[in-house]
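Asks:
Written out as structure tokens, the structure is:
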């Protein structure tokens, strides 16, 4: 699995929106990698940001 798939899986499995740092911790990834994946996933409209700095799968 690549970073974007891992981030998406963590968000799909979470019952609530998560911050990038929380996603990185749960996925065992570097926060910078997670930030880049979040940016790409938002652009692809695969994740949403219900409030500033929090992300979830739609």
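Residue numbers (our numbering): 1359 to 1416. Beta carbons are placed, not taken as given, at the ideal position from N, Cα and C, and that holds for glycine.
Let me check understanding here. Comparing Cα to Cα, which of 1379, 1370, 1389 lies closest to residue 1305?
Replies: It is not possible to answer for residue 1305, since the shown part of the chain is limited to 1359 through 1416.
Asks: Helix or strand or just coil, what does DSSP make of residue 1387?
Replies: DSSP places residue 1387 in coil when its eight states are reduced to three.
Asks: Which residues does DSSP list as the beta-bridge partners of residue 1409?
Replies: Paired residues: 1412.
Asks: How should residue 1362 be labelled, buried or exposed, when 16 other C-beta atoms within 10 angstroms of its C-beta is the threshold for buried?
Replies: Buried.
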